[in-house]
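Q: In full-length UniProt numbering, the protein residues as written are 1 to 454.
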């Protein structure tokens, strides 16, 4: 994204979003899980597939379709032999069955189309669907958390550049003040009102002030380089005018309301809560493994006998299948115990994260209120330092104050301005940290353009 000479905080956040690998990765993971969820959901529908099966019947196995009482009944109905159950009929059928079985084909090949679907009442995939659905919510929550963290990162970087520029401006003002004082003492020295000692003192003070200014400029240059890299800007865009300013902001809720909001909206707590739901679903899934599993379906195709002259035959069947593993060497019991431990660990993680977030929030709120009070103190300190500087100038003009004392007053005023700028920066950082904890830091930008203090 290209900009002209001006760059607002909102534009910079958009640039960081566009250039951030974390944002792109989070978006791709989010889309990936959306596709995974859709695919898993569609697997719940009956599946249509092609199938083929080869079957071999050994010579020494009994004929599965042989039902002797039924054959006796049918044989008597179609002939004049004695009633079923006689020894003669039984022996006759045994001989006939042996002849049929010896002549039966041993190799059978099936091919066709099948449609089958498990019944989800006791099937583990029912809980697998709940797991994948919950994991999708987990990824969405992670995506939102990444967005908030990147917005906070971009905002803090923007504010850091504003602070560095403010410091450079204060050091530049101090250097200019000391330069004017040095020139004045030189004029006074030539007028024989001041001696050479005053010119030496002001010369050293001006030199030190210029060193401080150059150091502040170097720090600003290094920080601005990071600023450009984070936003994906080129070297040609170094002359950017940051249009937003650091302003004094206040959060409109007390600590009790903030804590309630954090417990309900904090993304890290929500992630732990979702992880707890996933562990519970996995535990239910392992418990389902102890229940019988049902599958229904239909198959239609053809059957052929490679070792026989029998032609292709139609093959159709509808089936209802019940499966229940009888013995797994204790593997199911161990998996169930593992899932139970994982479920309890997830519950404890959730409780611990709530406590941790509350502790962080109270600490952040305390830090925020301290910085808010610090700004009020610094406002008074800046006013007092400015008043003391004005008095010192008058006393210096009247010849009742030394040049060292005047320099000290100038430095004291500059120091109080630096401290106020730092306090304002710290206040905004503390507010960002607090808003991250209450998940109040997604896309909105509510920073007002205003001059950054005095």
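Backbone N, C-alpha and C fix where the C-beta goes; we use that ideal spot for every residue, glycine too.
Return the chain-ordered list of same chain residues with a C-beta closer than 7 Å to the C-beta of residue 270, the five sequence neighbours on each side being excluded.
A: Correct list, in chain order: 141.
Q: Which class does residue 52 belong to by DSSP, given the choice of helix, strand or coil?
A: Strand at residue 52.
Q: Since I believe residue 216 is in contact with residue 171 (beta carbons under 8 Å), could you give me their beta-carbon distance rounded to a whole number of angstroms?
A: The Cβ separation is near 5 Å, so the contact holds.
Q: Quickly, what does DSSP pair residue 213 with across the bridge? List them, please.
A: BP columns for residue 213 are empty, so no partner.
Q: Leaving out the 5 sequence neighbours to the left and right, which residues in its chain are closer than 6 Å to residue 2 when beta-carbon positions are compared?
A: Since pLDDT at residue 2 reaches only 46, below the 50 mark, its modelled position is unreliable, and no value is offered.
Q: Under three-state DSSP, which class holds residue 304?
A: Correct three-state label for residue 304: strand.
Q: For residue 112, list the residues DSSP reports as bridge partners.
A: Residue 112 is bridged to 51, 301.
Q: Tell me which same chain residues have a C-beta within less than 8 Å of the C-beta of residue 413, skipping the five on either side of it?
A: The residues are 382, 385, 386, 388, 389.
Q: Can you grab the Cα-Cα spacing for the pair residue 263 / residue 295, in whole Å?
A: Roughly 44 Å between the two C-alpha positions.
Q: Hey, how far is the Cα of residue 197 from the Cα of residue 404?
A: Going by the C-alpha atoms only, they are around 10 Å apart.
Q: With residue 39 and residue 131 assumed to form a contact (beta carbons below 8 Å), what rounded beta-carbon distance in angstroms separates them?
A: Not a contact, Cβ separation roughly 14 Å.
Q: Per the contact definition of three or more C-beta pairs closer than 8 Å, is the segment 215-235 in contact with the segment 328-336?
A: The segment 328-336 is not in contact with the segment 215-235.
Q: What residues are listed by DSSP as bridge partners for residue 34?
A: Partner(s): none; residue 34 has no beta bridge.
Q: Residue 7 bridges to which residues according to DSSP?
A: Answer by DSSP bridge pairing, in chain order: 242.
Q: Specify whether the segment 312-328 and the segment 245-258 touch according to this definition: at least 3 beta carbon pairs, one from each stretch, less than 8 Å apart.
A: Contact fails: fewer than three Cβ-Cβ distances are below 8 Å.
Q: For residue 225, is the classification buried or exposed, using 16 other Cβ atoms within 10 angstroms of its Cβ as the cut-off for buried?
A: When all chains shown are included, residue 225 counts as exposed.
Q: Could you compute how far the alpha carbon of residue 317 sits from the alpha carbon of residue 299?
A: Whole-angstrom Cα-Cα distance: 5 Å.
Q: Could you name the residues that DSSP lists as bridge partners for residue 273?
A: Looking at the DSSP assignment, residue 273 forms no beta bridge with any residue, so it has no partner.
Q: Given a cut-off of 9 Å, decide if residue 34 and residue 136 are closer than it, judged by their beta-carbon atoms.
A: Closer than 9 Å, so yes.
Q: Look up residue 397 in the DSSP assignment and say whether it is helix, strand or coil.
A: The answer is helix: DSSP assigns residue 397 an H, G or I state.
Q: Could you spell out the range, first to last residue, of the alpha helix (DSSP H) harbouring residue 424?
A: Where residue 424 is concerned, the enclosing alpha helix (DSSP H) stretches over 403-437.
Q: Below 8 Å CB to CB, which residues in the same chain sit around residue 78 once its five sequence neighbours on both sides are set aside?
A: Model confidence at residue 78 stands at a pLDDT of 49, short of 50, so the residue's coordinates are unreliable; what they give is reported in the following sentence. Taken in chain order, the list of residues that qualify is empty.
Q: State the Cα-Cα distance for the pair residue 394 and residue 213, rounded to the nearest angstrom.
A: Using only the alpha carbons, I get a separation of about 27 Å.
Q: Near residue 276, which residues of its chain fall below 6 Å by C-beta distance, leaving aside the five closest residues on each side in sequence?
A: So the list reads 346, 347, 350, once near-sequence residues are dropped.
Q: Take residue 5 and list the residues in its own chain whose beta-carbon comes closer than 6 Å to its own, dropping the five residues that flank it on each side.
A: Excluding sequence neighbours, residue 5 sits near 241.
Q: Should residue 186 and residue 407 be called a contact, given that it needs their Cβ atoms to be closer than 9 Å?
A: It is not a contact, given that the beta carbons lie outside the stated cut-off.
Q: What did DSSP end up calling residue 360 once you bin it into helix, strand or coil?
A: In the structure shown, residue 360 sits in a helix (DSSP, three-state: H, G or I).
Q: Within 10 Å of its beta-carbon, does residue 359 have 16 or more other beta-carbons around it, so buried, or fewer, so exposed?
A: Exposed: under 16 other Cβ atoms inside 10 Å.
Q: Report the three-state DSSP secondary structure of residue 313 (helix, strand or coil).
A: The answer is strand: DSSP assigns residue 313 an E or B state.
Q: Return the CA-CA distance between residue 246 and residue 151, expressed in angstroms with no decimal places.
A: Approximately 16 Å between the Cα atoms of the pair.
Q: Can you give me the C-alpha to C-alpha distance between residue 176 and residue 208, rounded to a whole angstrom?
A: Distance between the alpha carbons of residue 176 and residue 208 is about 12 Å.
Q: Count the other CB atoms within 10 Å of the CB of residue 67; is the residue buried (16 or more) or exposed (fewer)?
A: Bear in mind that the predicted position of residue 67 carries a pLDDT of just 46, short of 50, making it unreliable; the figure below should be weighed with that in mind. It counts as exposed.
Q: Let me check understanding here. Comparing Cα to Cα, which of 396, 422, 148, 168 lies closest to residue 268?
A: Of the candidates 396, 422, 148, 168, the one whose C-alpha sits nearest the C-alpha of residue 268 is 148.
Q: For the putative contact between residue 431 and residue 361, defined by C-beta atoms under 8 Å, what is the C-beta separation to the nearest angstrom?
A: With a Cβ gap of about 12 Å, residue 431 and residue 361 do not count as contacting.
Q: In the DSSP assignment, find the unbroken alpha helix (DSSP H) run with residue 263 in it and report its ends.
A: Where residue 263 is concerned, the enclosing alpha helix (DSSP H) stretches over 255-265.
Q: Could you give the distance in angstroms between the alpha-carbon of residue 111 and the alpha-carbon of residue 293?
A: In a straight line, the C-alpha of residue 111 is about 26 Å away from that of residue 293.
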